[in-house]
Amino acid sequence: EAEGLAFVRQYKLVDGSVTSSGVDAGSPVIIGHAAENDEELQIVRFSREKGKKDVILMSFNAHPAFYGGVDSTTMSADFPGPTRDYIESKGDYLVAYFTGDAGNQEQRTKYAPEMAAAPKDYHEYARRLGDYLLAALPNLAKAEGNTVTVSGQQYQAKTNKEKLHMLAQAKEVMEVHKTQGRDASNKLAAEYGLYQ
9 EAEGLAFVRQ YKLVDGSVTS SGVDAGSPVI IGHAAENDEE LQIVRFSREK
59 GKKDVILMSF NAHPAFYGGV DSTTMSADFP GPTRDYIESK GDYLVAYFTG
109 DAGNQEQRTK YAPEMAAAPK DYHEYARRLG DYLLAALPNL AKAEGNTVTV
159 SGQQYQAKTN KEKLHMLAQA KEVMEVHKTQ GRDASNKLAA EYGLYQ
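Mapping of the sequence shown onto the working numbering: residues 9 to 204, in sequence order.
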(Lines of atoms letter the chains of each structure in order from A and count residues from 1; the text may use other names and numbers.)
(Lines give C-alpha, C1' and ligand atoms only; values in the text may rest on other atoms or scores of the structure.)
Protein backbone atom coordinates (compact mmCIF):
# COMPACT_ATOMS: atom_id res chain seq x y z
CA GLU A 1 0.00 0.00 0.00
CA ALA A 2 1.56 3.27 -1.16
CA GLU A 3 -0.12 5.60 1.30
CA GLY A 4 -0.45 9.32 0.73
CA LEU A 5 0.63 9.36 -2.91
CA ALA A 6 -2.71 9.64 -4.70
CA PHE A 7 -6.25 10.90 -4.25
CA VAL A 8 -9.58 10.66 -6.07
CA ARG A 9 -10.12 13.86 -8.04
CA GLN A 10 -13.91 13.64 -7.96
CA TYR A 11 -15.54 15.54 -5.11
CA LYS A 12 -18.94 15.29 -3.45
CA LEU A 13 -20.55 18.72 -3.09
CA VAL A 14 -23.03 19.99 -0.51
CA ASP A 15 -25.84 20.02 -3.09
CA GLY A 16 -25.41 16.26 -3.64
CA SER A 17 -23.67 16.52 -7.01
CA VAL A 18 -20.23 15.18 -7.92
CA THR A 19 -17.58 17.14 -9.81
CA SER A 20 -13.98 16.71 -10.89
CA SER A 21 -13.28 20.23 -12.07
CA GLY A 22 -14.26 23.83 -11.67
CA VAL A 23 -14.09 23.75 -7.86
CA ASP A 24 -11.05 24.69 -5.80
CA ALA A 25 -9.88 21.79 -3.61
CA GLY A 26 -10.28 23.95 -0.49
CA SER A 27 -13.79 25.16 -1.33
CA PRO A 28 -16.41 25.01 1.46
CA VAL A 29 -18.92 23.45 -1.00
CA ILE A 30 -16.89 20.20 -0.96
CA ILE A 31 -18.03 17.52 1.49
CA GLY A 32 -15.28 15.05 0.61
CA HIS A 33 -13.95 12.75 -2.08
CA ALA A 34 -16.51 10.87 -4.18
CA ALA A 35 -14.77 7.48 -3.91
CA GLU A 36 -12.15 5.57 -1.98
CA ASN A 37 -8.57 5.93 -3.08
CA ASP A 38 -6.75 2.90 -4.53
CA GLU A 39 -3.28 2.96 -2.99
CA GLU A 40 -2.17 -0.47 -4.17
CA LEU A 41 1.23 -0.64 -5.83
CA GLN A 42 1.35 -3.80 -7.93
CA ILE A 43 4.71 -5.53 -8.39
CA VAL A 44 5.96 -8.51 -10.37
CA ARG A 45 9.64 -9.41 -10.11
CA PHE A 46 11.42 -11.76 -12.48
CA SER A 47 14.62 -13.12 -10.92
CA ARG A 48 17.00 -14.10 -13.68
CA GLU A 49 20.12 -16.23 -13.84
CA LYS A 50 23.32 -14.94 -12.32
CA GLY A 51 24.84 -12.00 -14.13
CA LYS A 52 21.52 -10.70 -15.47
CA LYS A 53 19.53 -7.95 -13.83
CA ASP A 54 16.17 -8.79 -12.27
CA VAL A 55 13.19 -7.37 -14.14
CA ILE A 56 10.55 -5.53 -12.12
CA LEU A 57 7.13 -4.67 -13.52
CA MET A 58 5.32 -2.08 -11.44
CA SER A 59 1.89 -0.52 -11.77
CA PHE A 60 0.42 2.39 -9.81
CA ASN A 61 -3.02 3.87 -10.38
CA ALA A 62 -2.38 7.61 -10.65
CA HIS A 63 -2.29 9.97 -13.58
CA PRO A 64 1.36 10.66 -14.42
CA ALA A 65 0.73 14.33 -15.27
CA PHE A 66 2.48 16.01 -12.32
CA TYR A 67 1.56 19.65 -11.83
CA GLY A 68 3.26 21.76 -9.20
CA GLY A 69 6.96 21.24 -9.12
CA VAL A 70 9.70 23.14 -7.35
CA ASP A 71 8.34 26.40 -8.77
CA SER A 72 5.13 27.53 -10.44
CA THR A 73 6.51 26.99 -13.97
CA THR A 74 7.47 23.33 -13.47
CA MET A 75 5.09 20.97 -15.16
CA SER A 76 6.10 17.43 -16.07
CA ALA A 77 4.34 14.19 -16.88
CA ASP A 78 7.48 12.24 -16.09
CA PHE A 79 7.40 11.08 -12.48
CA PRO A 80 7.32 7.47 -13.78
CA GLY A 81 10.73 8.03 -15.43
CA PRO A 82 12.48 9.26 -12.26
CA THR A 83 10.69 6.50 -10.31
CA ARG A 84 12.22 3.89 -12.60
CA ASP A 85 15.65 5.55 -12.48
CA TYR A 86 15.57 5.75 -8.68
CA ILE A 87 14.71 2.07 -8.22
CA GLU A 88 17.32 0.98 -10.77
CA SER A 89 19.96 3.03 -8.92
CA LYS A 90 19.32 0.99 -5.77
CA GLY A 91 20.15 -2.45 -7.18
CA ASP A 92 20.57 -4.67 -10.22
CA TYR A 93 17.08 -4.05 -11.58
CA LEU A 94 15.45 -3.23 -14.89
CA VAL A 95 12.13 -1.52 -14.17
CA ALA A 96 9.07 -1.14 -16.39
CA TYR A 97 6.44 1.29 -15.08
CA PHE A 98 2.76 0.93 -15.98
CA THR A 99 0.05 3.44 -15.16
CA GLY A 100 -2.86 1.38 -13.91
CA ASP A 101 -6.58 2.08 -14.27
CA ALA A 102 -6.16 5.66 -13.09
CA GLY A 103 -9.62 7.02 -13.91
CA ASN A 104 -9.91 10.19 -11.86
CA GLN A 105 -7.10 9.24 -9.50
CA GLU A 106 -4.39 11.90 -9.28
CA GLN A 107 -0.99 12.00 -7.65
CA ARG A 108 -0.81 14.22 -4.58
CA THR A 109 1.16 17.34 -5.41
CA LYS A 110 0.47 20.70 -3.78
CA TYR A 111 -3.30 21.02 -3.76
CA ALA A 112 -4.59 22.68 -0.59
CA PRO A 113 -5.59 22.21 2.14
CA GLU A 114 -5.42 18.47 2.81
CA MET A 115 -2.28 18.04 0.72
CA ALA A 116 -0.33 21.07 1.91
CA ALA A 117 2.51 18.90 3.22
CA ALA A 118 2.74 16.71 0.13
CA PRO A 119 5.93 16.73 -1.96
CA LYS A 120 6.11 19.55 -4.49
CA ASP A 121 8.78 18.11 -6.75
CA TYR A 122 8.17 15.12 -8.99
CA HIS A 123 11.64 13.71 -8.24
CA GLU A 124 10.80 13.62 -4.53
CA TYR A 125 7.50 11.97 -5.43
CA ALA A 126 9.43 9.39 -7.49
CA ARG A 127 11.68 8.59 -4.53
CA ARG A 128 8.73 8.11 -2.20
CA LEU A 129 7.00 5.75 -4.64
CA GLY A 130 10.28 3.94 -5.29
CA ASP A 131 10.85 3.48 -1.55
CA TYR A 132 7.48 1.74 -1.22
CA LEU A 133 8.50 -0.71 -3.93
CA LEU A 134 11.98 -1.32 -2.52
CA ALA A 135 10.53 -2.00 0.94
CA ALA A 136 8.13 -4.56 -0.54
CA LEU A 137 10.70 -6.54 -2.57
CA PRO A 138 11.92 -8.80 0.28
CA ASN A 139 8.31 -9.75 1.08
CA LEU A 140 7.20 -10.87 -2.38
CA ALA A 141 5.83 -14.41 -2.57
CA LYS A 142 7.65 -16.71 -4.95
CA ALA A 143 5.52 -18.11 -7.77
CA GLU A 144 5.60 -21.88 -8.23
CA GLY A 145 7.13 -23.35 -11.38
CA ASN A 146 9.50 -21.89 -13.93
CA THR A 147 7.09 -21.13 -16.76
CA VAL A 148 5.59 -17.74 -17.49
CA THR A 149 2.65 -17.58 -19.90
CA VAL A 150 2.00 -14.24 -21.56
CA SER A 151 -0.88 -13.33 -23.82
CA GLY A 152 -1.32 -10.13 -25.75
CA GLN A 153 -3.68 -8.23 -27.99
CA GLN A 154 -2.76 -5.53 -30.47
CA TYR A 155 -5.03 -2.51 -30.84
CA GLN A 156 -4.99 0.18 -33.47
CA ALA A 157 -5.91 3.68 -32.36
CA LYS A 158 -6.42 6.84 -34.38
CA THR A 159 -4.21 9.83 -33.63
CA ASN A 160 -5.65 13.29 -33.20
CA LYS A 161 -3.35 14.92 -35.76
CA GLU A 162 -5.62 17.89 -36.39
CA LYS A 163 -4.87 19.14 -32.86
CA LEU A 164 -1.08 18.97 -33.09
CA HIS A 165 -1.02 22.74 -33.55
CA MET A 166 -2.14 23.02 -29.93
CA LEU A 167 1.24 21.70 -28.81
CA ALA A 168 2.96 24.74 -30.31
CA GLN A 169 0.39 26.99 -28.64
CA ALA A 170 0.93 25.28 -25.29
CA LYS A 171 4.69 25.82 -25.60
CA GLU A 172 4.07 29.48 -26.31
CA VAL A 173 1.86 29.78 -23.21
CA MET A 174 4.51 28.15 -21.03
CA GLU A 175 7.21 30.46 -22.42
CA VAL A 176 5.08 33.47 -21.48
CA HIS A 177 4.49 31.91 -18.06
CA LYS A 178 8.22 31.43 -17.48
CA THR A 179 9.30 34.86 -18.69
CA GLN A 180 6.39 37.09 -17.61
CA GLY A 181 4.80 35.21 -14.71
CA ARG A 182 1.10 34.53 -14.32
CA ASP A 183 -0.32 36.79 -16.99
CA ALA A 184 -4.07 36.08 -16.96
CA SER A 185 -4.58 38.54 -19.82
CA ASN A 186 -2.50 36.41 -22.20
CA LYS A 187 -4.76 35.34 -25.07
CA LEU A 188 -3.58 31.73 -25.17
CA ALA A 189 -3.68 31.44 -21.40
CA ALA A 190 -7.28 32.61 -21.47
CA GLU A 191 -8.13 30.19 -24.29
CA TYR A 192 -6.81 27.23 -22.30
CA GLY A 193 -8.26 28.43 -19.02
CA LEU A 194 -4.78 28.14 -17.53
CA TYR A 195 -5.23 30.69 -14.76
CA GLN A 196 -8.91 30.33 -13.91
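Backbone N, C-alpha and C fix where the C-beta goes; we use that ideal spot for every residue, glycine too.
In the three-state reduction of the DSSP assignment, T157 falls in the coil class. E9 counts as exposed, since fewer than 16 other C-beta atoms from the protein chains shown sit within 10 angstroms of its C-beta. Separation of L175 and A43 (C-alpha to C-alpha, rounded to the nearest whole angstrom) is 33 Å. Of the residues S28, N69, I95 and F87, the one whose Cα lies closest to the Cα of K61 is I95. In the pairwise beta carbon analysis, the region 14 to 27 is classified as touching the region 107 to 115: at least three pairs are separated by under 8 Å. Residue burial annotation: V37 is exposed, with fewer than 16 other C-beta atoms found within 10 angstroms of its C-beta. Listed in chain order, the alpha helix (DSSP H) runs fully inside the region 54 to 115 are 88 to 97, counting runs of at least 4 residues. Distances from the alpha-carbon of K58 to those of Y101, F106, F87 and V22 put Y101 closest.
For G40, the enclosing beta strand (DSSP E) begins and ends at I38 to H41. Just so you know, the alpha carbons of V26 and K20 end up roughly 5 Å apart. One thing to note: R53 has its Cβ within 9 Å of the Cβ of L148. Annotation: the continuous beta strand (DSSP E) that includes A14 extends over A14 to V16. For a cut-off of 8 Å, the C-beta gap from P72 to P88 is around 5 Å, short enough to register as a contact. D139 and V63 have their C-alpha atoms roughly 17 Å apart.
For Y133, the secondary structure class from DSSP, reduced to helix, strand or coil, is helix. For Y19, the enclosing beta strand (DSSP E) starts and ends at Y19 to L21.
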